[in-house]
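In my numbering, the protein residues as written are 5 to 405. Note that beta-carbon positions come from the ideal geometry of N, C-alpha and C, so glycine has one too. Data first, discussion second: the structure below is written as structure tokens.
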Ligand code: PLP
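So, in structure tokens, the structure goes:
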């Protein structure tokens, strides 16, 4: 590649703003393809005998086989890295496969993870139920706002701290800078699941976090494709790619990577719209007499701190507790006409779900309680419809109880 284009590539990742990076990040005007092309191919020409040897030994960078790397996937990884302010990225088949890969890489054969109980139910279940079978233990900090609780959970064999920010579905916002300092005092990396914030609202690596993971199946892909990603130092991405990633095969399909690249070009505008709509709906619910509590960072005792920690907004996810428990929550859910009853987050259309019996149904009743989820809690993924129509729909559904 000519020298000039390398310069452009570097500056694109360092100086440009998120709105521009979603279109130009990780690329350069010297690229042949204006839009990321789709490389629906498995094996790449290895060139000479000697080059093949060097590629397989990791002594030269280049495309070998799509399970390991692919030009379309590479474009997605570079764009995500640029958006997150990371050196490099590794795309995976789903958010869960990204988290699993991370756990295997760092904590296999007797390692330990510290996280909080404010995480997606699937992640909770992976750490609690599946990982012990592979020799990996996890401690779930019950009060994640208490430094002492994090410190008390750290053991000699702890490999990383893992935090989801904001958390699904209670929208707890964490002080990433502070948690990174705490992790580093113990010489541990801080991993942040930045799925709900997206790099448009928060860039954890710039705040001191070491690794960011994403479910790309949410805002990034606008509900069209499944995918995941790990972002961090290039040496770490290289190690993971050459290790558990290559040998277990949780790669993303190039088709999905291409679709993700297209959707990411509109991420900034979409996320801002989700934020605006969610804020309007949360305000309506916070004043409703049949609502016991609204889980959105603009409300509650931590609201001032939350504004400081996420000044760009809080995203489109929220939850609220219907007075009267599961029976009433069920009646509200079943009366909604505009909200789809579905398990995703971050789509154009608004979605509703009852976490205690679905996304977080793998938690026991005491675990649910500790995680702040009650039988009356409904989770809303606020879409990009006119928010007044969403309010009208919620209003008629709440009238039914
Ligand atoms: N992280 C968060 C915050 C999630 O909400 C989810 C899924 O809902 C995941 C990770 C897992 O992602 P995926 O469904 O892409 O495997």
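- Here the distance from the Cβ of residue 174 to the nearest heavy atom of the ligand PLP is not below 7 Å.
- Here the C-alpha atom of residue 171 lies approximately 6 Å from the C-alpha atom of residue 123.
- In the three-state scheme derived from DSSP, where H, G and I count as helix and E and B as strand, residue 171 is classed as coil.
- When beta bridges are read from the DSSP output, residue 345 appears opposite 356.
- Counting only runs of at least 4 residues, the region 227-292 fully encloses the following alpha helix (DSSP H) elements, listed from N- to C-terminal order: 238-244, 258-268, 271-290.
- Pairing residue 265 with residue 79 gives a Cβ-Cβ distance under 8 Å.
- Burial state of residue 54 is exposed, judged by a 10 Å Cβ sphere holding fewer than 16 other Cβ atoms.
- Annotation: residue 101 to residue 254 spans about 6 Å, alpha carbon to alpha carbon.
- Considered as a whole, the region 175-218 harbours 194-197 as its complete beta strand (DSSP E) runs of no fewer than 3 residues, in chain order.
- Measuring C-alpha to C-alpha distances from residue 246 to each of 37, 151, 303, 63 identifies 63 as the nearest.
- In the three-state DSSP reduction, residue 401 falls in the helix class (H, G or I).
- Residue environment for residue 38: exposed (fewer than 16 other C-beta atoms within 10 angstroms of its C-beta).
- Our two residues, residue 369 and residue 28, have alpha carbons roughly 47 Å apart in a direct line.
- DSSP places residue 65 outside any beta strand (DSSP E), giving it a letter other than H or E.
- Per the coordinates, the alpha-carbon of residue 385 lies some 19 Å from the alpha-carbon of residue 332.
- Relative to the ligand PLP, residue 376 has its C-beta separated by 7 Å or more from all heavy atoms.
- Taken atom to atom, the span from the alpha-carbon of residue 196 to that of residue 185 is near 13 Å.
- Shown here for residue 190: same chain residues with a beta carbon closer than 8 Å to its own, the five before and five after excluded, namely 155, 158, 162 in chain order.
- When 121, 61, 41, 76 are compared, the shortest CA-CA separation from residue 376 is found for 121.
- Contact annotation: residue 354 and residue 342 have beta-carbon atoms nearer than 8 Å.
- Under DSSP, residue 322 takes part in a beta bridge, and its partners are 384.
- With a cutoff of 7 Å, residue 309 does not count as near the ligand PLP, since its C-beta is closer than that to no heavy atom of the ligand.
- Taken through DSSP and simplified to helix, strand or coil, residue 329 comes out as helix.
- Straight-line measurement puts the Cα of residue 130 at about 8 Å from the Cα of residue 104.
- For residue 239, the closest alpha carbon among the candidates 93, 30, 31, 73 is that of 93.
- Not one heavy atom of the ligand PLP is found less than 7 Å from the C-beta of residue 300.
- Here residue 352 has 387, 388 as same chain residues with Cβ atoms under 6 Å from its own Cβ, once five neighbours each way along the sequence are excluded.
- With a threshold of 7 Å, the Cβ atom of residue 126 counts as near the ligand PLP, since some heavy atom of the ligand is closer than that.
- One alpha carbon belongs to residue 60, the other to residue 26, and they sit about 32 Å apart.
- The count of Cβ pairs closer than 8 Å, one atom from the region 256-264 and one from the region 296-311, stays below three, leaving the stretches out of contact.
- At a Cβ-Cβ threshold of 8 Å, residue 205 and residue 183 do not count as neighbours.
- No heavy atom of the ligand PLP is found nearer than 7 Å to the CB of residue 361.
- Every beta strand (DSSP E) stretch that sits fully inside the region 101-181 and reaches 3 residues is listed by chain position as 116-120, 141-145, 162-168.
- For residue 298, the uninterrupted beta strand (DSSP E) run begins and ends at 295-299, by DSSP.
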